[in-house]
Each structure stands twice: as structure tokens, then as C-alpha cells.
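In terms of UniProt numbering, the sequence shown opens at residue 1 and continues consecutively. Note that beta-carbon positions come from the ideal geometry of N, C-alpha and C, so glycine has one too. As the structure is a prediction and not an experimental result, all values here were calculated from the model.
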Amino acid sequence: MPRRLLVTHALPYANGPLHLGHMLGYIQTDIWVRAQRMMGNEVHFVAADDAHGTPIMLAAEKAGMTPEAFIAGIRASHEADFADFHFSYDHYHTTHSEENRELAELIYTRLRDAGFIAKRSIQQLYDPEKQMFLPDRYIKGTCPKCGTPDQYGDNCENCGATYAPTDLINPYSVVSGATPVLKDSEHYFFELSKFQSLLQDWFAGKYTGGKPVANSGVAAKLREWLDGGLKDWDISRDAPYFGFPIPDAPGKFFYVWLDAPVGYLASFKALCERTGLKFDDFLGADSTAEMHHFIGKDIINFHGLFWPAMLHGARMRVPTALHVNGYLTVNGAKMSKSRGTFIQARTYLDSGLNPEYLRYYFASLLNDTPVDVDLDLKAFEERVNSHLVGKWVNIASRTAGFVQKFSDGKLAASFDAEHTALWQNLLAQYEGVEALYEDGEFAELTRRFVAMADLVNGHIAGKAPWTMAKDEARRAELAQVCSFALAAFRLLAGILKPILPATVADAEQFLAAPIAGFADARDALHGHSIHAFEPLLARLDPKHIEAMVEASRESLGAPAPATEPAKKKTVSDTAKPAAAPATADAPTTIAIDDFAKLDLRIGKVVACEFVDGSDKLLRFELDAGALGKRQIFSGIRAAYGEPEKLLGRNVVFIANLAPRKMRFGLSEGMILSAGDGGSDLFLLDADQGAQPGATVR
Numbered sequence: 001m002p003r004r005l006l007v008t009h010a011l012p013y014a015n016g017p018l019h020l021g022h023m024l025g026y027i028q029t030d031i032w033v034r035a036q037r038m039m040g041n042e043v044h045f046v047a048a049d050d051a052h053g054t055p056i057m058l059a060a061e062k063a064g065m066t067p068e069a070f071i072a073g074i075r076a077s078h079e080a081d082f083a084d085f086h087f088s089y090d091h092y093h094t095t096h097s098e099e100n101r102e103l104a105e106l107i108y109t110r111l112r113d114a115g116f117i118a119k120r121s122i123q124q125l126y127d128p129e130k131q132m133f134l135p136d137r138y139i140k141g142t143c144p145k146c147g148t149p150d151q152y153g154d155n156c157e158n159c160g161a162t163y164a165p166t167d168l169i170n171p172y173s174v175v176s177g178a179t180p181v182l183k184d185s186e187h188y189f190f191e192l193s194k195f196q197s198l199l200q201d202w203f204a205g206k207y208t209g210g211k212p213v214a215n216s217g218v219a220a221k222l223r224e225w226l227d228g229g230l231k232d233w234d235i236s237r238d239a240p241y242f243g244f245p246i247p248d249a250p251g252k253f254f255y256v257w258l259d260a261p262v263g264y265l266a267s268f269k270a271l272c273e274r275t276g277l278k279f280d281d282f283l284g285a286d287s288t289a290e291m292h293h294f295i296g297k298d299i300i301n302f303h304g305l306f307w308p309a310m311l312h313g314a315r316m317r318v319p320t321a322l323h324v325n326g327y328l329t330v331n332g333a334k335m336s337k338s339r340g341t342f343i344q345a346r347t348y349l350d351s352g353l354n355p356e357y358l359r360y361y362f363a364s365l366l367n368d369t370p371v372d373v374d375l376d377l378k379a380f381e382e383r384v385n386s387h388l389v390g391k392w393v394n395i396a397s398r399t400a401g402f403v404q405k406f407s408d409g410k411l412a413a414s415f416d417a418e419h420t421a422l423w424q425n426l427l428a429q430y431e432g433v434e435a436l437y438e439d440g441e442f443a444e445l446t447r448r449f450v451a452m453a454d455l456v457n458g459h460i461a462g463k464a465p466w467t468m469a470k471d472e473a474r475r476a477e478l479a480q481v482c483s484f485a486l487a488a489f490r491l492l493a494g495i496l497k498p499i500l501p502a503t504v505a506d507a508e509q510f511l512a513a514p515i516a517g518f519a520d521a522r523d524a525l526h527g528h529s530i531h532a533f534e535p536l537l538a539r540l541d542p543k544h545i546e547a548m549v550e551a552s553r554e555s556l557g558a559p560a561p562a563t564e565p566a567k568k569k570t571v572s573d574t575a576k577p578a579a580a581p582a583t584a585d586a587p588t589t590i591a592i593d594d595f596a597k598l599d600l601r602i603g604k605v606v607a608c609e610f611v612d613g614s615d616k617l618l619r620f621e622l623d624a625g626a627l628g629k630r631q632i633f634s635g636i637r638a639a640y641g642e643p644e645k646l647l648g649r650n651v652v653f654i655a656n657l658a659p660r661k662m663r664f665g666l667s668e669g670m671i672l673s674a675g676d677g678g679s680d681l682f683l684l685d686a687d688q689g690a691q692p693g694a695t696v697r
């Protein structure tokens, strides 16, 4: 009997474009979903933009837009990227929706009425310069558990610990750099500590038919947190805040991490309303359907502790399984703007690279463990050209023409003894494909694919059909070799279809034989007529990779992300010097003579405009005083959506940086900014009394 599956992946945050690190887990989800559909299961694949929170409120304010307009533009770009990477959503939504508001309020009121919500006054970190309470992710400091510096205020990316932001050592505001102060505020808490036994039962498989809820390593980490004692979870934030107000609580809003996972359900609810599906069949406490979440390893605590407890407390079903992926590195290192390896999804596409090449490369490295994946750009090129073009497509391109020329496009009516044995060998290797997809063992699937393709290509090379074609007496043997090769080509297409949906669709058209399910590919197509072959894939040209890397670092004005903003002095600093937060990767020290080589100057913005042909750059014209006018291209477009608002501002720029010729013109320096990149960039300011061209000392 077909299974009924609701499948989601982690929601992209609506504050900037998608990059290839995002695409790793998302592609893994889409491959799994497509495989489930090929197994005949009923699958509903939904996702949404995570559209609430202080970061979005601040980014919209800086761009001179309403938050609603800001997130609408981001959502449009996300949906375009997903479409071009061939995602198969049934519905894509936003957490800023009426469905999400209704469900968030429903879950909250059920938890409140059941006695799982507590109110208490807390001391919360407050930015005295911005005059606002700081969300956890806008506070950084040293982890109180493992001592790792530069960690966020809610959890440590190094040891995975969760804590209150007030527990951080040497905290600082990411918004202003100021040292935050404690201020009293009444907050609402979800009493997670009351769900210890529920979570133990969930981990043990009581609610999942005995099946594990996650990979053994992930489950062990969840149990470690569980055994360490559960803390109640703060679910409220104070105004100003972009989100949903808490019912009957003026000035209080749902913390984004409450309504974000509810966004999975809201997207599905919107799908139900459109198609007539019954929401409670999938989300009711007694549902026999399955709910699978694909997430990154940085958010397993939320999905493995808070989320199932919230659902259970609100009389809804708990998830069936968490599928966890690791991080993406590029060329063995963390993605970097300066090296051109912080690659946006759109930059990849605009560089002329086939999206299915990336889908295949990621699949070749993924299994059910949350290991980090490295995008080795040379290995990427070699794997695509060898596996897909040199092995798979090569089978059809070497044999299809002979079938058209000598057999009128018709495959042999049966295999002889030799090819029957070879076919049975391939079928034996194909056996278990469904189970490997079910278990997320994509790397093993691609290994099998390569081994099978090598067997077929070896047979073709040994038989040399191009030589047989010259001898009329060998035409029957030629038909056997080519028919076997094309049946094998289709069998391999069955393995690849969830990974390369568009390319396999072209192969299906060539063979005039769709592959609706994995079983279909086992048909050898005896006596079947095929169409003329047309090239399916081109070899990956390394020039496209070079163009992608160059485009990813085309902005001289977007320096590598700083590990922290410069701390501003507060009153307490005059009494006791505060130690600056250390960094996880401390920079190499330099001598004063090295610093003196930088000629930092004040420039007044006299012109600022968008750059045609670039979605990242703004063109600045600076009045640099005695140095004259300077044209500088800076990659801060995502952060400053209305460039005319920058006119008249004083900025700091490097005046003695060697000019760089770009395709848009000559860039004569670098404007300094701070932040993590994308929409999180802030120009360094200077008092209006500073004159253009003045030296920064």
C-alpha cells in the first residue's frame, strides 16, 4: 500500500539570495522526494520563506522598504532559483501568511490552555545605542560551555550547546558593536522541561513504528541534550519586531523560531485549501501519514527537541524522521568572498553551468550521515565529464546511430545468450536501488551507476560496433550489442532520474519510453522503436567555473566578512577595559609599518547607482578632495536597495589600492563596510565634519 508522506526542508531566511551552501540540503530533499514518487508513494513536498524577525526588520529599514515589500522580492528570487534548479514543490509559501498566523495562534493557545506556557520577568540584553532588545542572533560572544569565541546568543556552532544570550562571555551587539546592558522584560516561555518522557519515547520509536527518528549520531546528540536537562524555551520578543503579535499580550510577538517551523504546516495548509487534501489526515495526533524534515546539522536542537514537544503539546502528531545534512565547503575551505567561493545559486546559473551537474555532484557525496561536503571545483568538472558525459551519455551516442541506420530505429526482439547474461548482471546490480534512495545513500547509488556504466562501455569497446557496421554478415550481432547498450542506458537512467530529472526526461523522449517508476527501467524494450539520438549533455567547460568564481568576487567593495564589528566604547569601558571578543580564526598580527601602507581616506558620495548586468554591485563616485574624483564598484546592492539615499554620505575608502579593470569599468579603490555579507553589510560612517580626502589616522 502506498505511503502518504509530507516532506519539508529547512526554510531559507528571507534576508538575501540563496547560495550553494543552502542548495546542498535542498537538493538532497528534492532527490529523495522524486525517488519516493517513483516508488509509487503519495508525496506532498512543501516549503516556504522564513520571513520574520529583527534581522529582516533592520534590513528592510536600511533598504528604505517595508518588511512586506522586502520579503516579497526575496521570495521571488528564491522561487526563481528553485525552479531553475528543477525543484518539484507541490507548494512554496511564506511564513508571513494568514495560514501561518492562524496555526501559530492555534498551537500557542492550545499550549497555553494545557498549562505549558509560563510568564516570567527576565533580564534581557538591550542595545543602548539602537534602543532595542537584541534577538539572540544579534548578540555574539564566547560560548559559556566550550569557550569558542564569536558564537551566537542562542547556540554554539562548535559544540552544539544551547544557552541564554546572557550566558555568553564578553557579549556584544552585532547591530552597533556596543556592549549590551541588561533590562527587565516580561517574557513567555514554553515549558519544554515537561516533555522529557515524550521525547524519550519519540527517540525510542514509540511514535514512528519503531523506526529511528534520525541517524544514530544525530540521535545520540539529541539524547545527550535530553540527559543534560531540558530548559524552558523563551517564545516571545518585544516590540519593535516584525512578526505575529501574541494573542492577549500587547507589545509581545512570537519569536521567529516559534512560527518558522509552523511554516511547514502553513504551507501544507495552503496546499490543502487549493487541492482538497485534508490537513488533519497528515497532522492529526492519530495520523497514519509520515512527516519528514530535511535540515542542516546546525538546527537539530530545534527540530529534535522543541518542535516535537510543541506539536505533541498542541495535540498534533510528531515528526516521523529528521534527515540531517552537514555544511558545504568549497575547495576544502569555508566559503569565502575573497576567494570567489561564496557562490550564490544565481551566479552558478548565470555562469552557464547546468543545474543538474551540481545535483549529481552533491548526490555523489551524500549519505545518511550529517558529514560536511566539499565542492572541489576540479573534481566537480572531472566527475561531470567522466561520469555523466564520458560514461552514461557515451553509451547512447556510440550505439543509437547504428540502430537507426541498420535496424530502422527498432531494438532487437530478444537478447542472445551472451547479452541475456550481461543483462541479468546489470539487473542484479540495479536491485536495491529503491532501498538506497529510501535510506538517503545517494553516494552508493552513484557508485553503482558508475560500475554498471563501466561494464557496458567495456562491452561496447570490446565488440567495437563501428567495426561490425562495416561487415554486413555481422549486422545481427551489431543489433544485439546496440540493443543491449540502449537497454542498459535506460536502466542507468532509472537510477539517475531523481537526480537529473530534466536530462532523463530528454532521454525518455529519445527512447520513446517513459520511466514512471524504478521498475519501468528494468524493461529491456525488446522490439521497441526509438527516435534519433540528439546530444543530451555537453562536457563541462572549465571556463564556466572560472567565470563563476570571478563573478563571485567581482566586487572590490565587499571585503571578506569580519568576524565581529568593532566595539564602541561605553561608559563602563572607561572604568575597566573590556577584552575584545576573540575570533575563532584569529588574524595574523602585523607591524605598525604594515598598517601604515594603507592609505585610508574620507570620500563624499556624489553619485551612486545600480550597475547594469550585476545584481550585487553599486557604482560610487566619490569626491576625494585633493585626490580628485574616484569611481568605485562596491558589492553592497543587497544591503542598500535605494542608492540615491547614500548621496552626500561620508565613507571610508582605501585610496592606494591598485585600480582594477572590471567589465563595468575601472574600480579605483575599496569602500569599507562591516557585516556578514549580502544584506548584512553596513558602510563605515564618518562625521560630517570630516572633509573629502582627509586621511583616516
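Residue i, enclosing alpha helix (DSSP H) - first and last residue
{"i": "Asn457", "result": "442 to 463"}
{"i": "Glu546", "result": "542 to 552"}
{"i": "residue 713", "result": "Since the first and last residues shown for the chain are 1 and 697, residue 713 lies out of range."}
{"i": "Ile395", "result": "394 to 407"}
{"i": "Glu381", "result": "377 to 383"}
Bounding residues of the beta strand (DSSP E) (the contiguous stretch that carries residue i)
{"i": "Phe620", "result": "618 to 623"}
{"i": "Cys608", "result": "600 to 610"}
{"i": "Thr347", "result": "From DSSP, Thr347 is part of no beta strand (DSSP E) but of the alpha helix (DSSP H) over 345 to 350."}
{"i": "Pro171", "result": "169 to 173"}
{"i": "His323", "result": "321 to 325"}
{"i": "Val330", "result": "328 to 330"}
Distance cut-off 6 angstroms: residue i Cβ against heavy atoms of the ligand MN
{"i": "Leu365", "result": "Among the components of this structure there are no ligands whatsoever, and the ligand MN is therefore not found."}
C-beta contact flag for residue i and residue j at 7 angstroms
{"i": "His531", "j": "Ala512", "result": "yes"}
{"i": "Ala485", "j": "Ile460", "result": "yes"}
{"i": "Thr446", "j": "Ser364", "result": "yes"}
{"i": "His303", "j": "Thr320", "result": "no"}
{"i": "Pro542", "j": "Glu418", "result": "no"}
{"i": "Gly635", "j": "Leu617", "result": "yes"}
{"i": "Lys463", "j": "Val450", "result": "no"}
{"i": "Pro2", "j": "Glu42", "result": "yes"}
{"i": "Ala493", "j": "Ala505", "result": "no"}
{"i": "Ile671", "j": "Val696", "result": "no"}
{"i": "Ala686", "j": "Ile602", "result": "yes"}
{"i": "His86", "j": "Ala502", "result": "yes"}
{"i": "Ala469", "j": "Trp392", "result": "no"}
{"i": "Ser552", "j": "Ile235", "result": "no"}
{"i": "Ile300", "j": "Val318", "result": "no"}
Three-state secondary structure (DSSP) of residue i
{"i": "Phe302", "result": "helix"}
{"i": "Ser193", "result": "helix"}
{"i": "Arg101", "result": "helix"}
{"i": "residue 715", "result": "Because residue 715 is not part of the residues shown, which for the chain are 1 to 697, the question remains open."}
{"i": "Gly313", "result": "helix"}
{"i": "Ala558", "result": "Residue placement at Ala558 cannot be trusted, given a pLDDT of 35 that sits under 50; the coordinates are not used to answer."}
{"i": "Gln424", "result": "helix"}
{"i": "Leu683", "result": "strand"}
{"i": "Met468", "result": "helix"}
{"i": "Ser121", "result": "strand"}
Rounded straight-line distance, which links the Cα of residue j to that of residue i
{"i": "Asp599", "j": "Gln691", "result": "15 angstroms"}
{"i": "Lys334", "j": "Leu328", "result": "8 angstroms"}
{"i": "Ala412", "j": "Ala476", "result": "9 angstroms"}
{"i": "Glu644", "j": "Asp259", "result": "35 angstroms"}
{"i": "Met662", "j": "Glu550", "result": "10 angstroms"}
{"i": "Gly440", "j": "Ala396", "result": "28 angstroms"}
{"i": "Ala47", "j": "His93", "result": "6 angstroms"}
{"i": "Leu537", "j": "Asn354", "result": "9 angstroms"}
{"i": "Ile246", "j": "Asp30", "result": "34 angstroms"}
{"i": "Asn385", "j": "Arg637", "result": "36 angstroms"}
{"i": "Gly675", "j": "Phe682", "result": "6 angstroms"}
{"i": "Ala562", "j": "Gln151", "result": "In this prediction, Ala562 scores a pLDDT of 33, lower than 50, which makes its location untrustworthy; the coordinate-derived value is nonetheless stated afterwards. Those two C-alpha atoms are separated by around 13 angstroms."}
{"i": "Arg112", "j": "Gly243", "result": "19 angstroms"}
{"i": "Pro12", "j": "Lys378", "result": "28 angstroms"}
{"i": "Ala435", "j": "Asn425", "result": "19 angstroms"}
{"i": "His19", "j": "Ala694", "result": "38 angstroms"}
What are the uninterrupted segments assigned as alpha helix (DSSP H) that are 4 or more residues long and contained completely in the segment 207 to 284, given in chain order? 216 to 227, 256 to 275, 279 to 283
Which complete alpha helix (DSSP H) runs does the segment 6 to 70 hold, if anything under 4 residues is left out? Qualifying alpha helix (DSSP H) stretches, in chain order: 20 to 38, 54 to 63.
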